[in-house]
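> Can you read through this structure? Questions will come right after.
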Amino acid sequence: MLSAINNGFSRLGDHPDLGKLVLRVSLGALLLFHGVFKIQHGVGWIARLLHAHGIPGFVAYGAYFGEVVAPVMIIVGLLTRPAAFVITVNLVMAMLLVKTGAVWDRTSVGAWALEGEALYFFGALAVMFLGAGRFILLKNSKLQ
39 MLSAINNGFS RLGDHPDLGK LVLRVSLGAL LLFHGVFKIQ HGVGWIARLL
89 HAHGIPGFVA YGAYFGEVVA PVMIIVGLLT RPAAFVITVN LVMAMLLVKT
139 GAVWDRTSVG AWALEGEALY FFGALAVMFL GAGRFILLKN SKLQ
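So for the sequence shown, my numbering puts the first residue at 39; every next one is plus one.
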């Protein structure tokens, strides 16, 4: 019986390109919410945080690349692997600057305090390793 169930799911779920599309669109769309917030409210607070760590404030504008440009590129399948790399770097920087003290913390419901950041990071890492798949906006482009 378990074998029949497993075989049924194997037939239904053997669509790796569709899985890549779901991963790309969900990762990109969810990160865009953060990017839109930064477009609306600016990155001044990030610049101040960077400056406090001895890093030039203009580096804060990199958040626009990691949370607006790269997610859009991932959604449409344009330079997907480099865009995913930009997101991973952006998330590492964010975790180091904002959440360093929370590495061993848990939330009030027992979840890891960096759970959201980790999901974004590993999702971007997976996209970087998997690539875009065949469902992309510009199929004949050399920028895949």
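Here a beta-carbon is modelled for each residue, glycine too, at the ideal position from N, C-alpha and C.
What does the Cβ neighbour count give for Tyr158, buried or exposed, with the cut at 16 atoms within 10 Å?
buried
> Given this structure, state the Cα-to-Cα distance separating Ala85 from Arg119, to the nearest angstrom.
27 Å
> For Leu56, which of Lys177, Gly171, Leu176, Leu175 has the nearest alpha-carbon?
With distances taken between Cα atoms, Leu56 lies closest to Gly171.
> Measuring CA to CA, which of Val97, Lys58, Gly115 is closest to Leu176?
Gly115
> Compare the Cα-Cα distances from Ile112 to each of Gly169, Phe96, Leu50 and report the closest residue.
Gly169
> Over what stretch of residues does the alpha helix (DSSP H) that includes His53 continue unbroken?
That residue, His53, is in no alpha helix (DSSP H); it is neither H nor E in DSSP.
> Buried or exposed: Gly73, going by 16 or more other Cβ atoms within 10 Å of its Cβ?
So Gly73 ends up on the buried side.
> Using three-state DSSP, classify Trp150 as helix, strand or coil.
strand
> Report the option in Trp150, Leu117, Arg62 whose CA atom is closest to the CA atom of Lys137.
Looking at the Cα atoms, Trp150 is the closest of the given residues.
> DSSP state of Arg62, grouped into three classes?
helix
> Alpha helix (DSSP H) containing His89: first to last residue?
82 to 90
> Closest to Gly80 by CA distance: which of Met166, Met39, Ala98, Thr145 is it?
Ala98
> Under 8 Å, do Met133 and Glu155 count as touching if we go by C-beta distance?
yes
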